[in-house]
Amino acid sequence: MSSTVASPEPIAATLARQTGTPVKIIMTRHEELADSHPGPACVVRVKTGALNDGTLVAESAEIIYDTGAAPGAPSGSFDRTRGLYRTPNFLYDIYSVYTNKLIPGAYRAPGALELTFAFEAQIDEIARQLKIDPIDLRLKNAVDAGDLSVDGRTYPAIGLRESLRQAKEYVATLERRPGLGIGIASGKWMNAIGASGVLLMLDEDGSVNLTSGAIDLTGVNTALAQVVAEELSIPVDRVHVRTRDTDASPYSAISGGSRTTYGTTIATRNALQKLKDELLQFAADRLSVSAEDLELSEEQVKSRDGSIAIPIAELAAAAMHSSRGPLTVTGSVSNPDWLADSHIFITQVAEVEIDPDTGQIRVLRVSSFQDVGLALNPLLVEGQIEGGIVQGMGWGLLEGLTFDDGTVLNDGLLEYKIPTALDAPDLRPVLIEIPSPDGPYGIKGVGEPSMVATPAVLANAIYDATGVRLIETPLAQNGVLPR
255 MSSTVASPEP
265 IAATLARQTG
275 TPVKIIMTRH
285 EELADSHPGP
295 ACVVRVKTGA
305 LNDGTLVAES
315 AEIIYDTGAA
325 PGAPSGSFDR
335 TRGLYRTPNF
345 LYDIYSVYTN
355 KLIPGAYRAP
365 GALELTFAFE
375 AQIDEIARQL
385 KIDPIDLRLK
395 NAVDAGDLSV
405 DGRTYPAIGL
415 RESLRQAKEY
425 VATLERRPGL
435 GIGIASGKWM
445 NAIGASGVLL
455 MLDEDGSVNL
465 TSGAIDLTGV
475 NTALAQVVAE
485 ELSIPVDRVH
495 VRTRDTDASP
505 YSAISGGSRT
515 TYGTTIATRN
525 ALQKLKDELL
535 QFAADRLSVS
545 AEDLELSEEQ
555 VKSRDGSIAI
565 PIAELAAAAM
575 HSSRGPLTVT
585 GSVSNPDWLA
595 DSHIFITQVA
605 EVEIDPDTGQ
615 IRVLRVSSFQ
625 DVGLALNPLL
635 VEGQIEGGIV
645 QGMGWGLLEG
655 LTFDDGTVLN
665 DGLLEYKIPT
675 ALDAPDLRPV
685 LIEIPSPDGP
695 YGIKGVGEPS
705 MVATPAVLAN
715 AIYDATGVRL
725 IETPLAQNGV
735 LPR
């Protein structure tokens with residue numbers, strides 16, 4: 255995002271300083287939308303070469319982003335979305351075009367939905383022209399561990415092929431009927447890490463306070479409490495996670511880029527290792543034994559032979575009132591060199607129904623087979639995936655800004671349609687756990703990958719039901735009638 259983009263916060267701060275009184279800026283719905291930074295419009299022209307047996311041999315694409323009035327298009331996100339299939343020859347030309355429109359910004363998997371929509375429709379077309387099952391074509395060409403990504407790096411453990419296999423098994427259970435369309439699409443994203451820090455304090459009652467600057471939009475506080483409880487062998491209700499402004503806590507990067515749980519968990523584990531080392535050493539000094547002979551178990555520090563057991567609370571209180579002082583540590587993480595290897599793959603299956611008289615599109619079910627590495631909290635992970643599917647439905651079926659000479663016309667919620675709970679279909683998240691070699695406990699980012707394939711899978715399902723290939727979103731703007 256360009257540093258020249260205007261924001262109302264500095265205006266409020268400047269006015270408050272000049273007047274000496276609190277200043278609050280209240281924007282109308284139109285002003286709020288005009289001040290926002292939506293995902294960019296994008297045109298993709300793609301050509302793909304394939305042999306008669308379905309082997310992909312070449313791919314070229316021209317990608318044009320509408321970057322609005324200032325730099326902001328996610329052209330740098332290209333390598334995060336491509337590289338699902340082995341393609342020995344490829345050429346991609348990416349352009350950003352300035353227009354007198356809103357300046358785009360980073361919006362949940364920026365750039366991924368647009369590119370996946372085009373490329374996965376192309377894969378579907380190739381499969382149908384070659385009379386190959388769309389899933390089989392993808393399986394034939396899908397990348398796996400050891401293959402090269404588009405940026406020349408080697409893929410570690412990834413779950414694309416497993417997601418396709420499970421999707422294939424699921425599709426085989428579905429009953430075909432007139433008017434029902436079944437679509438398949440795969441997608442890819444990669445999580446960021448970003449600088450993160452946490453503060454851990456062991457209180458004299460044996461409870462633990464964790465202070466973090468990471469904003470809990472995705473259940474990260476619950477996940478961090480689980481991590482602390484697991485590592486220290488204490489009940490999860492003895493862990494208190496507090497979110498503070500970064501002026502009052504260790505610095506944490508934004509809650510975005512599918513990095514919050516991923517990056518903050520790394521920082522938390524680093525802090526926990528320090529805390530465990532200090533706690534065991536303090537206990538060892540009091541007991542005149544080696545710290546290597548001690549371990550944490552059931553809220554106690556125990557000797558490995560079982561002859562000694564001291565409650566953690568007793569040790570924490572003793573440390574707090576001794577020359578040692580409170581057991582307080584920090585942990586942090588920064589961006590490592592292997593960031594680009596943290597790839598997440600997903601395959602979705604959509605079942606849609608088209609009204610033969612009106613062309614109205616009804617989404618019955620979306621099943622999402624996502625490689626999550628390891629689900630620290632399966633319920634939270636499933637919630638992330640379900641939310642991503644519904645948001646992806648909004649992008650695919652309903653949402654789109656309309657402009658007249660740079661002015662937004664659909665600037666209210668009556669005109670700009672977003673999906674609600676009433677629009678949500680049956681959602682079926684399936685968690686595939688192929689641990690990341692680099693992520694803490696093997697986890698991978700979850701939030702953004704969950705929606706990258708949704709517009710594409712809906713378009714492919716509509717084509718399956720009607721024989722009509724829709725190449726522009728929102729798909730539901732005019733309905734669709736079978737040929």
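The sequence shown begins at 255 in the numbering used here and counts up by one. A virtual CB, placed ideally from N, CA and C, is assigned to each residue, including glycine.
Cβ of residue i less than 9 Å from any chain C Cβ?
{"i": "Gly-293", "result": "Annotation note: the requested chain C is absent from the structure, which comprises a single protein chain."}
Identify every residue that forms a DSSP beta bridge with residue i.
{"i": "Met-705", "result": "The partner list for Met-705 (beta bridge, DSSP) is empty, contrary to what the question assumes."}
{"i": "Trp-649", "result": "According to DSSP, which records beta bridges pairwise, Trp-649 is partnered with nothing at all."}
{"i": "Glu-374", "result": "Answer is none; Glu-374 lacks a bridge partner."}
{"i": "Arg-619", "result": "Glu-605, Asp-680"}
{"i": "Pro-565", "result": "Gln-554"}
{"i": "Ile-412", "result": "None; Ile-412 has no bridge partner."}
{"i": "Glu-549", "result": "Lys-556"}
{"i": "Glu-343", "result": "The question names Glu, but residue 343 in the sequence shown is Asn. Asn-343 is bridged to Ala-312."}
{"i": "Leu-434", "result": "Glu-607"}
{"i": "Leu-581", "result": "Leu-456"}
{"i": "His-575", "result": "Looking at the DSSP assignment, His-575 forms no beta bridge with any residue, so it has no partner."}
{"i": "Tyr-352", "result": "Gly-322"}
Using a 10 Å radius around the Cβ and a threshold of 16 neighbouring Cβ atoms, would you call residue i buried or exposed?
{"i": "Gly-274", "result": "exposed"}
{"i": "Arg-616", "result": "exposed"}
{"i": "Lys-385", "result": "exposed"}
{"i": "Ala-594", "result": "Because Ala-594 sits at a pLDDT of 45, beneath the cut-off of 50, its placement in the model cannot be relied upon, and the following sentence gives the value as read from the coordinates. Exposed, because fewer than 16 other Cβ atoms sit within 10 Å of the Cβ of Ala-594."}
{"i": "Thr-500", "result": "exposed"}
{"i": "His-284", "result": "exposed"}
{"i": "Ile-280", "result": "exposed"}
{"i": "Ser-503", "result": "buried"}
{"i": "Thr-258", "result": "Reliability fails at Thr-258, whose pLDDT of 47 lies under 50, so the model's placement of it is uncertain and no value is given."}
{"i": "Leu-369", "result": "buried"}
{"i": "Asp-539", "result": "exposed"}
{"i": "Leu-548", "result": "buried"}
{"i": "Ala-426", "result": "exposed"}
{"i": "Trp-592", "result": "For Trp-592, the predicted model reports a pLDDT of 49, less than 50, meaning its position is unreliable; a value from the coordinates is still stated below. The residue in question, Trp-592, is exposed, as its Cβ has fewer than 16 Cβ neighbours within 10 Å."}
{"i": "Asn-589", "result": "exposed"}
{"i": "Asn-524", "result": "buried"}
{"i": "Val-351", "result": "exposed"}
{"i": "Pro-294", "result": "buried"}
{"i": "Pro-610", "result": "exposed"}
{"i": "Arg-431", "result": "exposed"}
{"i": "Arg-558", "result": "exposed"}
{"i": "Gln-272", "result": "exposed"}
{"i": "Ala-604", "result": "buried"}
{"i": "Ala-265", "result": "For clarity, residue 265 is Ile in the given sequence; the question names Ala instead. Ile-265 comes out exposed."}
{"i": "Ala-675", "result": "exposed"}
{"i": "Gly-650", "result": "buried"}
Can you check which of these residues, the options, is closest to residue i by C-alpha distance?
{"i": "Pro-683", "options": "Leu-630, Thr-519, Gln-624, Gly-666", "result": "Gln-624"}
{"i": "Asp-347", "options": "Ala-312, Arg-299, Leu-548", "result": "Arg-299"}
{"i": "Ile-686", "options": "Asn-463, Asn-714, Thr-353, Ile-639", "result": "Ile-639"}
{"i": "Asn-306", "options": "Gly-337, Met-647, Lys-394, Val-490", "result": "Lys-394"}
{"i": "Ala-366", "options": "Pro-504, Gly-322, Pro-325, Pro-709", "result": "Pro-709"}
{"i": "Gln-535", "options": "Arg-523, Leu-550, Thr-522", "result": "Leu-550"}
{"i": "Ala-715", "options": "Ile-697, Gly-701, Val-734", "result": "Val-734"}
{"i": "Leu-533", "options": "Leu-391, Gln-480, Leu-454", "result": "Leu-454"}
{"i": "Ser-466", "options": "Ala-479, Ala-537, Met-574, Gly-460", "result": "Ala-479"}
{"i": "Thr-582", "options": "Lys-528, Val-603, Ala-567, Ile-725", "result": "Lys-528"}
{"i": "Glu-653", "options": "Lys-671, Arg-340, Gly-642", "result": "Lys-671"}
{"i": "Ala-446", "options": "Arg-513, Pro-342, Ile-697", "result": "Arg-513"}
{"i": "Gly-613", "options": "Gly-721, Val-644, Ala-507", "result": "Gly-721"}
{"i": "Val-490", "options": "Ser-509, Ser-461, Thr-518, Tyr-516", "result": "Ser-461"}
{"i": "Leu-541", "options": "Ala-572, Leu-486, Leu-618, Gly-637", "result": "Ala-572"}
{"i": "Arg-492", "options": "Arg-392, Ala-707, Glu-379, Glu-553", "result": "Glu-553"}
{"i": "Pro-728", "options": "Pro-689, Pro-673, Asp-459, Ser-690", "result": "Pro-673"}
{"i": "Ile-600", "options": "Phe-371, Ile-317, Glu-416", "result": "Glu-416"}
{"i": "Arg-334", "options": "Ile-598, Ala-570, Leu-618", "result": "Ile-598"}
Under 7 Å Cβ to Cβ from residue i, same chain only, skipping five residues before and after it: list those, please.
{"i": "Asp-470", "result": "Thr-497"}
{"i": "Asn-354", "result": "Ala-323, Gly-660"}
{"i": "Ala-629", "result": "Val-635, Leu-685, Glu-687"}
{"i": "Leu-402", "result": "Thr-408"}
Considering only residues of the same chain and omitting the five flanking positions on each side of residue i, which have a CB-CB separation below 6 Å?
{"i": "Gln-731", "result": "none"}
{"i": "Ser-314", "result": "Lys-301, Leu-345"}
{"i": "Pro-262", "result": "Ile-279"}
{"i": "Leu-269", "result": "Val-277"}
{"i": "Pro-580", "result": "Met-574"}
{"i": "Gly-666", "result": "Arg-283"}
{"i": "Ala-507", "result": "Gly-448, Ala-449"}
{"i": "Ser-586", "result": "Gly-451, Ala-521"}
Could you name the residues of the same chain whose beta carbon sits closer than 8 Å to that of residue i, not counting the 5 residues immediately before and after it, in chain order?
{"i": "Ser-256", "result": "Bear in mind that a pLDDT of 40 at Ser-256, under 50, signals an unreliable position, so the number given afterwards is only what the model happens to contain. Closer than 8 Å at the Cβ level, and outside the excluded window around Ser-256, lie Ala-324, Pro-325, Gly-326, Ile-357."}
{"i": "Leu-634", "result": "Thr-472, Gly-473, Thr-476, Ala-477"}
**Request:** Pick out the complete beta strand (DSSP E) segments inside the region 452-501, 3 residues or longer, and give them in chain order.
**Result:** 462-466, 493-497
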